[in-house]
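One structure is given below, encoded as structure tokens.
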Amino acid sequence: MPTYEETDAVPVLGRGVRQTVLAMGVCSVVIGVATVIWPDKSLGTVGNLFMFSLLCSAVTLAAVAFGSRLGRFPRALLLLAALVSLLTATLCFRAGDWTLLLAMWLGLAWSVRGITHAVAGVWDDDEVTGSGKQEVFGLVTLTAGLVIAIAPFDDIATLALVAGCCITLFGVLEVWTAVRSPAAVRGAGADALSPDEHLTTVIASAGGSGGRTRD
């Protein structure tokens with residue numbers, strides 16, 4: 001999901017939201033790998049894995065929608081995408097013996113998420129961390145959703161392989177987004193300083209502030 005930072009160095013995504021994105025990203029990676037390597041894949045098993053993946057997606061989107069400092073419009077879009085993911089997760093669980101129907105629900109959820117992700121990134125483009133990357137993430141999700149929804153997947157093994165790779169990729173991107181968020185990077189840099197270096201930095205900052213005040 002998009003990670004934003006304002007000029008006063010206060011992240012738009014709070015620490016709890018970043019942790020949620022990170023946790024759901026790790027879960028998505030696990031689910032994606034399981035979808036690819038699961039032996040003797042059945043439609044019911046793959047449908048359940050898709051359901052858990054969409055539930056993770058819904059949690060991520062809802063966490064950002066409710067816990068971020070984004071504008072009302074992108075937050076409303078992300079909340080809508082969360083609701084769609086939740087609904088399609090239920091539909092995947094009840095897909096029955098229809099491989100194409102299962103693929104259609106998954107593709108629909110990804111398409112909606114991709115559109116909202118890209119729009120949310122563009123909406124506050126001046127504050128997006130890694131300008132352009134979040135929009136690309138959204139477009140990749142949209143493309144994957146369209147491919148899954150439109151391609152004639154008659155074989156459940158092929159659908160599981162393609163979708164599992166996509167789920168794994170989305171999870172990796174979510175983990176990358178959470179780890180590379182501004183507060184996390186700054187926090188890691190601050191922790192790397194020794195006590196003497198930290199004290200020197202504080203004194204230098206105070207001296208610089210004092211000098212500016214005298215001017």
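Mapped onto full-length UniProt numbering, the consecutive letters of the sequence shown carry residue numbers 1 to 215. We treat Cβ as the ideally placed atom computed from N, Cα and C, and that holds for glycine.
Buried versus exposed call for residue i [16 or more other C-beta atoms within 10 Å across all chains shown]
| i | result |
| --- | --- |
| Val-17 | buried |
| Phe-137 | buried |
| residue 217 | For the chain, the structure presents residues 1 to 215; residue 217 sits outside this window and is missing. |
| Phe-52 | buried |
| Ala-188 | Confidence in Ala-188 is poor, its pLDDT being 43 and thus under 50, which makes the residue's placement unreliable; the coordinate value appears in the next sentence. Ala-188 comes out exposed. |
| Trp-105 | buried |
| Val-128 | Summary for Val-128: the model assigns pLDDT 44, below 50, so the residue's position carries little reliability, and this model does not support an answer. |
| Gly-71 | exposed |
| Ala-192 | Per-residue confidence for Ala-192 stands at a pLDDT of 41, beneath the threshold of 50, marking its modelled position as unreliable; the derived number appears in the next sentence. Exposed, by the Cβ-count rule. |
| Phe-170 | buried |
| Phe-153 | buried |
Residue range of the unbroken alpha helix (DSSP H) whose run includes residue i
| i | result |
| --- | --- |
| Phe-153 | Here Phe-153 belongs to no alpha helix (DSSP H), and DSSP marks it neither H nor E. |
| Ser-53 | 43 to 67 |
| Trp-105 | 99 to 123 |
| Leu-81 | The sequence given here has Ala at residue 81, not Leu. Start and end: 72 to 93. |
CB of residue i within 7 Å of CB of residue j, strictly
| i | j | result |
| --- | --- | --- |
| Leu-49 | Ile-31 | yes |
| Ser-28 | Ile-115 | no |
| residue 218 | Ala-109 | Limits of the chain in this structure are 1 at one end and 215 at the other, which puts residue 218 out of reach. |
| Leu-78 | Val-175 | no |
| Val-112 | Ala-81 | yes |
| Ala-58 | Leu-91 | no |
| Thr-88 | Leu-142 | no |
| Ile-150 | Leu-43 | no |
| Ala-63 | Arg-75 | no |
| Gly-145 | Glu-135 | no |
| Ala-95 | Gly-164 | no |
is_contact[residue i, chain C] using C-beta, thresh 7 Å
| i | result |
| --- | --- |
| Val-147 | This model lacks chain C altogether; it includes just one protein chain. |
Beta-carbon separation (whole angstroms), residue i vs residue j, contact threshold 8 Å
| i | j | result |
| --- | --- | --- |
| residue 290 | Ala-178 | The requested residue 290 does not occur in the structure, where the chain is confined to residues 1 to 215. |
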